[in-house]
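Okay, structure first, notes after.
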């Protein structure tokens, strides 16, 4: 009995001491975060999916529709065949249809390509391909290109390279970027299309762009041109509001090297899916890859999964319980995104809790996270 009385006294003292201290906004926020278990565990090991199941899962979610890889297909659906100019083709282009572009009548003839795709290796049912350059002419042009790229004014040399080889891929990509920076988007787009045309002409017969079992190693220098060309094509087609084409190209780009993801497709594939109203893709992608890729650690996916569930609930006329929960989780993890949204949309926040959360989070994270949030807002502010 005496021991029991002592315990009661101790509990009373503790209660008196705690009642004197008033909880602050920061304490309340920390309590909510701990209750919802939203603290990121950076010590957790990055575990990959089993080798036998990973390709099947990716193939089911990241299947690419070949017809939508060419932006003209989507433009015709939006504006009709009469509005979209049908490009006349030379005799050399009539033999086959191309994936990414429709060759123009004004392009120089393809007398020689200089590059070809060959099988690199086979591992676990996955075939890796690589580009190789011809040792006769293309190697010397490649050396000329690299030497000219270090000059103060390399345009004269690049023009000479294109005279010798109108489809030299690296030169076309370089000049395309120069034209894009100079606001000459039409010329930039045409040069990029010529580079894509040359790269596609060199495809191996067994190389299937819609299959996850056909991959390429970005670390090999000859392969990087295809990654860069497809990535820039995504930028150009999205400028024309061809969201479906950009989405399919992004899936293709991710499929080429899903382990490395050298072009950081995970930072914008969700936004393109939302703009194409493919809400199930975002939900399935997070369900299948959150464990292996830790997608919840990316601010864009934290908010996109909430948006996808919200729009899906609107279509199905369901309650917004799940989307509200996901949105609260996203705001607690990345309040800086909510702040940026309010700044962009000129909204006024009544409570200072969001600013307190933002200050606490920014103390623990680097500038790269803030940059990711800003990029996400620029892409998704209209959603």
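Residue numbers (the working numbering): 159 to 541. Built from N, CA and C at the ideal position, the CB exists for glycine as well.
C-alpha gap between residue i and residue j, whole angstroms
i, j, result
"residue 218", "residue 278", "25 Å"
"residue 490", "residue 407", "33 Å"
"residue 320", "residue 336", "15 Å"
"residue 430", "residue 405", "5 Å"
"residue 347", "residue 229", "12 Å"
"residue 420", "residue 226", "23 Å"
"residue 476", "residue 274", "53 Å"
"residue 169", "residue 416", "With a pLDDT of only 46 at residue 169, under 50, the local geometry of the prediction cannot be trusted, and no value is derived from it."
"residue 145", "residue 382", "Look at the range of the chain in this structure, 159 to 541, and you will see that residue 145 is not part of it."
"residue 179", "residue 487", "Residue confidence for residue 179 is low, a pLDDT of 47 falling below 50, so the modelled location carries little weight; the figure read from the coordinates is stated next. Cα to Cα, the separation comes out at about 28 Å."
"residue 259", "residue 505", "43 Å"
"residue 544", "residue 495", "A query on residue 544 cannot be resolved here, the shown segment of the chain reaching from 159 to 541 and no further."
"residue 524", "residue 402", "33 Å"
"residue 345", "residue 377", "29 Å"
"residue 541", "residue 533", "14 Å"
"residue 307", "residue 314", "11 Å"
"residue 163", "residue 452", "Its pLDDT being 47, under 50, residue 163 is placed unreliably by the model, and the measurement read from it follows with that caveat. Approximately 51 Å, taken between the alpha carbons."
"residue 284", "residue 365", "11 Å"
"residue 526", "residue 450", "22 Å"
"residue 239", "residue 400", "16 Å"
"residue 255", "residue 539", "37 Å"
"residue 385", "residue 470", "32 Å"
"residue 353", "residue 280", "27 Å"
Residue interval of the beta strand (DSSP E) (run including residue i)
i, result
"residue 274", "273-281"
"residue 290", "284-291"
"residue 337", "That residue, residue 337, is in no beta strand (DSSP E); its alpha helix (DSSP H) goes 327-339."
8 Å contact criterion, which residue i and residue j should meet: CB distance rounded
i, j, result
"residue 412", "residue 427", "6 Å"
"residue 387", "residue 424", "With a Cβ gap of about 20 Å, residue 387 and residue 424 do not count as contacting."
"residue 374", "residue 286", "7 Å"
"residue 333", "residue 316", "6 Å"
"residue 233", "residue 358", "In fact, because the Cβ distance is near 19 Å, the residues do not count as touching under 8 Å."
Boundaries of the alpha helix (DSSP H) in which residue i is found, first to last residue
i, result
"residue 542", "For residue 542 there is no data in the structure shown, the boundaries of the chain being 159 and 541."
"residue 400", "Careful: residue 400 lies outside any alpha helix (DSSP H) and carries neither H nor E."
"residue 372", "From DSSP, residue 372 is part of no alpha helix (DSSP H) but of the beta strand (DSSP E) over 372-374."
"residue 231", "229-237"
"residue 455", "Residue 455 -> no alpha helix (DSSP H), and no H or E assigned at all."
"residue 428", "427-433"
"residue 424", "No alpha helix (DSSP H) holds residue 424; DSSP gives it neither H nor E."
"residue 265", "Counting along the chain, residue 265 falls outside any alpha helix (DSSP H), and DSSP gives it neither H nor E."
"residue 415", "Residue 415 -> no alpha helix (DSSP H), and no H or E assigned at all."
"residue 315", "313-322"
"residue 345", "343-359"
"residue 532", "525-538"
"residue 296", "296-306"
Beta carbon proximity, residue i to chain D, threshold 8 Å
i, result
"residue 356", "Among the chains in the structure shown there is no chain D, since it carries only a single protein chain."
Residue from the options whose Cα sits closest to the Cα of residue i
i, options, result
"residue 528", "301, 457, 410", "457"
"residue 324", "524, 355, 459, 502", "355"
"residue 454", "485, 472, 433, 479", "485"
"residue 328", "403, 305, 343", "305"
"residue 473", "437, 492, 498", "437"
"residue 493", "460, 322, 291", "460"
"residue 482", "450, 500, 462", "462"
"residue 379", "479, 478, 261, 291", "291"
"residue 500", "478, 479, 471, 536", "536"
"residue 342", "394, 389, 414, 293", "394"
* Is the region 258-271 in contact with the region 297-316, if contact means three or more CB pairs nearer than 8 Å? -> no
* Inter-stretch contact (C-beta, 8 Å, three-pair minimum) for the region 219-230 and the region 368-383 -> yes
* Asked: Just checking, does the region 450-467 make contact with the region 434-442 on the three C-beta pairs under 8 Å criterion?
  -> yes
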